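Q: I have a structure I would like to understand better, so I am pasting it below and will then ask my questions one at a time.
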Amino acid sequence: TSSPPQPSGSSSQFDANGFLQLINEFRSQNGAGPVKLVNALNEAAVQHNNYMISINTLTHDRAPGQDIATMIKQYGGTPGGALGECVAEGALTTQDVFNSWKNDGPHAAIMKNPDYTQMGVALNGSYSTAEFSS
Numbered sequence: 001t002s003s004p005p006q007p008s009g010s011s012s013q014f015d016a017n018g019f020l021q022l023i024n025e026f027r028s029q030n031g032a033g034p035v036k037l038v039n040a041l042n043e044a045a046v047q048h049n050n051y052m053i054s055i056n057t058l059t060h061d062r063a064p065g066q067d068i069a070t071m072i073k074q075y076g077g078t079p080g081g082a083l084g085e086c087v088a089e090g091a092l093t094t095q096d097v098f099n100s101w102k103n104d105g106p107h108a109a110i111m112k113n114p115d116y117t118q119m120g121v122a123l124n125g126s127y128s129t130a131e132f133s134s
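Sequential numbering from 1 applies to the sequence shown in the UniProt record's numbering.
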């Protein structure tokens, strides 16, 4: 079997495979099936982190003219269906990022949403983003 794709530009303290395992354990505990890492969503997450770094602001908003569907398409993915996003600032490890989102109601709801089957995740700078899609 091949390894899940690794997001480019992510911090060496951030383990995308470890994060995927944490997410899928959390999803299983909450009755949802697993998600898989997808390159297009990883790249969309990195791009969103880079945007937040450039404006020094935690946000779900995109750069002018951008949206998540456009970013997924730009990196070779096929947007469609349900989309969700988690963002955080200041979490420096895989476990920190996961705990931050798990303990926040709206982000936890996204992580355990059974409609999502794929995700991308990145931590670069002090920002982290997870993109989910069906």
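The C-beta atom is built at its ideal place from N, Cα and C for all residues, glycine as well.
What you are looking at is a predicted structure, and each value in this text was computed from that prediction instead of being measured.
Quick check on DSSP: helix, strand or coil for T1?
A: Summary for T1: the model assigns pLDDT 40, below 50, so the residue's position carries little reliability; its value from the coordinates is reported in the next sentence. Reduced to three states, the DSSP call for T1 is coil.
Q: Y116 lies in the beta strand (DSSP E); which residues open and close that run?
A: First-last for Y116: undefined, no H or E at that position.
Q: According to DSSP, simplified to helix, strand and coil, what is F14?
A: Coil, per DSSP.
Q: In the DSSP assignment, find the beta strand (DSSP E) that holds S133 and state where it starts and stops.
A: Taken as a continuous stretch (DSSP letters only), the beta strand (DSSP E) holding S133 covers 127 to 133.
Q: Could you check where the alpha helix (DSSP H) with L41 kicks off and where it finishes?
A: Taken as a continuous stretch (DSSP letters only), the alpha helix (DSSP H) holding L41 covers 39 to 55.
Q: Note down the Cα distance separating N124 from N50, rounded to an integer number of angstroms.
A: When rounded, the distance between both Cα atoms is 8 Å.
Q: Using the Cα positions of H48 and E25, report the straight-line distance between them to the nearest angstrom.
A: Computed Cα separation, rounded: 26 Å.
Q: Taking the alpha carbon of I110 as the point to measure from, which residue in G120, S100, G84, F98 has its own alpha carbon closest?
A: When only C-alpha atoms are compared, the closest one is G84.
Q: Looking at the unbroken alpha helix (DSSP H) that takes in A88, where does it start and where does it end?
A: Counting along the chain, A88 falls outside any alpha helix (DSSP H), though it belongs to the beta strand (DSSP E) covering 83 to 89.
Q: For a test of the three-state rule: what should DSSP assign to L20, helix, strand or coil?
A: It is helical.
Q: Under the three-state reduction of DSSP, which class applies to N103: helix, strand or coil?
A: Correct three-state label for N103: coil.
Q: Just reading off the alpha helix (DSSP H) that T70 is part of, what are its end residues?
A: Here the alpha helix (DSSP H) through T70 covers 68 to 74.
Q: Could you tell me which of T129, D115, E131, G120 sits nearest to G31, measuring between CA atoms?
A: It is D115.
Q: Straight-line CA distance for L92 to K73?
A: Their backbone Cα atoms lie some 29 Å apart in a straight line.
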